[in-house]
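Trainee: Going down the list, the protein sequences come from chains A and B. With the first letter of the first sequence counted as 1, position 29 gets the number 29 in my numbering; the numbers rise by one all the way through. With the first letter of the second sequence counted as 1, position 93 gets the number 93 in my numbering; the numbers rise by one all the way through. Where is the CB? At the ideal position from N, CA and C, for every residue including glycine. Here it is, the structure in full.
Protein chains: 2
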Amino acid sequence: MAYELFSRRGVRDVGVNELIERSGVAKATFYRHFPSKDALVLAFLEQRDQVWTVDAIVGQAKLRGTTPTEQLLAIFDVFGDWFLRDDFEACSFINILLEMGPAHPLGQASIDYLARIRGHVQALAEQAGLDRPEDFARSWHILMKGSIVSATEGDTQAAKRAQQMASWLIEHHRS
Amino acid sequence: MAYELFSRRGVRDVGVNELIERSGVAKATFYRHFPSKDALVLAFLEQRDQVWTVDAIVGQAKLRGTTPTEQLLAIFDVFGDWFLRDDFEACSFINILLEMGPAHPLGQASIDYLARIRGHVQALAEQAGLDRPEDFARSWHILMKGSIVSATEGDTQAAKRAQQMASWLIEHHRS
DNA sequence: AGCGAGTAAGACCGGTCTGTCTGCACCTTG
DNA sequence: CAAGGTGCAGACAGACCGGTCTTACTCGCT
């Protein structure tokens, strides 16, 4: 419920009253479960990490590839499908980070969840035996985030472009 | 005045009342010059394109390099300095695009100004005689935008990482 | 049966937002 | 001097925000 609204329209655009009304719950009940709206947003970010990062992206990529290197590159195949969906809504972590700023608690939480994504990439890089896996993951993450913004602009080929650069990155990190 | 506030704190976080008060102008006078707040934001975006895109980034990069290829790579040198500034505030075009969404008029305007940035890159690519300059510019732009988000997360080396991948991109677009 | 916990519904509070309108001082032009 | 335009200051409108609190009702438990 809140997950759909937050991920599609952003945190700032969805008010507590609307959430209350749509979920058919009383306001007092809501505030008994969550001390503030920000607490609900934190819960949303955690759910987003599981549903989107772990299941939809990393999980799907692991299914599509057999070797760690294939699984890494498959991330951008998943992105390519995702960018074409009509309910494509960019990345909530990036959205909230840029919307609230890195100093805000929700911005900090977004940074943490983005670091978790980078951790998945780094783990695959280590399995693939690549050099300097942390540097690799940070560069890889630049491609992921950049392609998401380009897709938001309307470039449906953004995933392919990023994947091409990603393959060069892999080559340069081979032992 | 409005430029500083909008670029540092975002469009949604700065209200008309605050702008009025800080600029020492009457509210009626403001609304005589701009029919709405969005019209002011549009003027801000245009100013941002000149001050930031044209002068601060592309202009500086052209000063730092002699050949088109050097000027392209110098973009990320400029980014590196920019990321270290304490008043680094990410890219207003990306911020507004993700904040308002691509359907909103301000999101559309942001997409247009991002396309102008890509146009500068494409022009340099053509001067450098690179293959498929439009594809080159779109891939290059992915690196620019991805590094900006990474810098917002706190990665001070984001510009270096993007520059490394950018050099590989140049190599693969040589005739 | 009677009691208390939990909940839906929504009034309410202080504050914010964009945008309009009024009052008053000033300043130029005839 | 008089008229009219201009601009500042700020009240005001109408909507919305996050968050608190009251009211009425429905349950489950003893």
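1. By a C-beta neighbour count over all protein chains shown, 10 Å radius and 16 as the cutoff for buried, is B:MET144 buried or exposed?
2. In this structure, how does DSSP classify B:VAL25 when only helix, strand and coil are distinguished?
3. Go through its chain and collect everything with a Cβ distance to B:ARG12's Cβ below 7 angstroms, but skip five positions before and after it.
4. Of all Cβ atoms in chain B, is any one closer than 9 angstroms to the Cβ of A:MET144?
5. Just tell me which of B:SER150, B:ALA159, B:VAL121 and B:GLN108 has its CA closest to the CA of B:ASP77.
6. So B:GLU134 packs on B:ARG8, CB below 8 angstroms; how close in whole Å?
7. Under 9 angstroms between the Cβ atoms of A:ALA137 and A:LEU73?
8. Could you pull the start and end residues of the alpha helix (DSSP H) that A:HIS173 belongs to?
9. Using beta-carbon positions only, say whether B:ILE94 and B:VAL149 come within less than 9 angstroms of one another.
10. Would you call B:THR29 buried or exposed, if buried means 16 or more other Cβ atoms sit within 10 Å of its Cβ?
11. Can you tell me the Cβ-Cβ gap for B:ILE111 and A:GLY146, rounded? I've got them flagged as a contact below 8 angstroms.
12. Would B:GLY80 count as contacting chain A if we go by Cβ distances under 9 angstroms?
13. Alpha carbon to alpha carbon, how far is B:GLY119 from B:ASP38? Give it in angstroms, no decimals.
14. So, using beta-carbon positions, are B:TRP168 and A:LEU169 closer together than 9 angstroms?
15. Alpha carbon to alpha carbon, how far is B:ALA103 from B:ILE20? Give it in angstroms, no decimals.
16. Kindly indicate if chain B contains any beta-carbon less than 9 angstroms away from that of A:SER36.
17. Please work out which residues of its chain come closer than 6 angstroms, Cβ to Cβ, to B:GLY80, disregarding the five sequence neighbours upstream and downstream, and give them in chain order.
18. Do B:ARG161 and A:ILE142 have their beta-carbon atoms positioned less than 9 angstroms apart in this structure?
Mentor: Reading from the atomic positions:
1. buried
2. coil
3. GLU99
4. yes
5. B:ALA159
6. Not a contact, Cβ separation roughly 33 angstroms.
7. no
8. Element bounds for A:HIS173: n/a, residue is neither H nor E.
9. yes
10. exposed
11. With 8 angstroms as the limit, B:ILE111 and A:GLY146 do not qualify as a contact, their Cβ atoms being about 15 angstroms apart.
12. no
13. 25 angstroms
14. yes
15. 28 angstroms
16. no
17. ALA159
18. yes
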